[in-house]
Every structure is written in C-alpha cells, then in structure tokens.
Amino acid sequence: AIVAVFAGVLADHWRRDRVLVLAGIVGLFAVVATMLTVNAYAYGADKNIQFICICIAMSCWGSYQGLWNTGVETIFADSIPSNQRSKPTTNKYILQLISTVTGPIIAIFLFLAFGDDWEIDGLRTVLMVGAGLSAP
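Heads up: the sequence shown at position 75 corresponds to 77 in the numbering used here, and the numbers run straight through without jumps.
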C-alpha cells in the first residue's frame, strides 16, 4: 500500500509509462529474488537467511504490484472517456479474475505431475514455474 501511494505520486510527476518501466525492473528483481530464495535451501543456507530472503522477495512482489497496478490504472483511466468506462472496466475486471484463477490451476497440474507429497523439490519446481510465469 505504501508503494502504491508512492507510485501514484510518481505517476503524477513522471510519465505513466516510466512508472511501468520501473515496475518492470522491480518485477524482474522479484523474480530473481524468488528464484534465489527457493533455491537457498538446496545450497544449505541458514534458516534465518532463508527467512530474510523470502521477506525480501515478497516485499519486491508487493512493490511490483503497487507500481504496475497504479501505472496501468492511471493509463487505463486516461485512455477511456469517463462516460464510456463501464464496459471496458467490466471486461478488465473479468480478465483480472480469470488471471487470478490461472495460477492455482497451473499449480494443480504441476502437483499432479510431480506428486502431492509436499517435498522441497516439488515445491521448488512449482514456485520456480510460478515466478517465471509472473515475470513482467
């Protein structure tokens, strides 16, 4: 939420597409941080280090979401006349709902393929695929 406020101020002072570029950079950093974090166990990292790494990765994902959502929403609002926003806004909402369902469906198929035993290797694969698909 703090980043979204910061992104709103940036969107007012910068061009909105630059906020999206910044979001893309933060998003790529989030993907890399997540992939390094889920592999930290394989390299024998201390549990405290693993916890700090996952906190950093999740902070990056939250920052990414705050930046891109603010940038996209402002461009979307600026692109459509205010008296014609109902249908495009509804379509956007439907697409967002579909996209939030897609990730868990992919995870179900990955768990079916790798087994639902909740071992580190299977979970690592699911998280790596999820992070890769979330890359900006």
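Don't be surprised by glycine CBs; every beta carbon is placed ideally from N, CA and C.
Proximity of residue i and residue j at Cβ, strictly below 8 Å
i: Ser136; j: Val33; result: yes
i: Ala9; j: Gly68; result: yes
i: Ile82; j: Pro90; result: yes
i: Phe116; j: Gly124; result: yes
Neighbourhood of residue i by C-beta, 6 Å cutoff - its chain only, sequence neighbours within 5 removed
i: Val74; result: none
Closest residue to residue i among the options (Cα-Cα distance)
i: Ala140; options: Tyr66, Ile56, Val11; result: Past the edges of the chain, shown from 3 to 138, lies residue 140, and the structure says nothing about it.
i: Lys94; options: Phe113, Ile107, Ala79, Tyr45; result: Ala79
i: Ile56; options: Leu69, Met37, Gly46, Trp120; result: Met37
i: Ile107; options: Ala42, Cys62, Gly132; result: Gly132
i: Thr127; options: Gly29, Thr39, Ile51, Val7; result: Thr39
i: Ile27; options: Gly117, Ile122, Thr102, Cys62; result: Cys62
Close Cβ partners of residue i (< 7 Å) along its chain, the five nearest in sequence each way excluded
i: Gly12; result: Contrary to the premise, residue 12 reads as Leu rather than Gly in this sequence. Within the same chain, Leu12 has close Cβ partners Val21.
i: Ile77; result: Arg18
i: Phe53; result: none
i: Val5; result: Gly64, Ser65, Gly68, Leu69
i: Ile58; result: Ala35
Extent of the continuous alpha helix (DSSP H) run through residue i
i: Pro90; result: 88–116
Secondary structure of residue i, DSSP reduced to three states
i: Trp120; result: coil
i: Tyr45; result: coil
i: Ile58; result: helix
i: Ser84; result: helix
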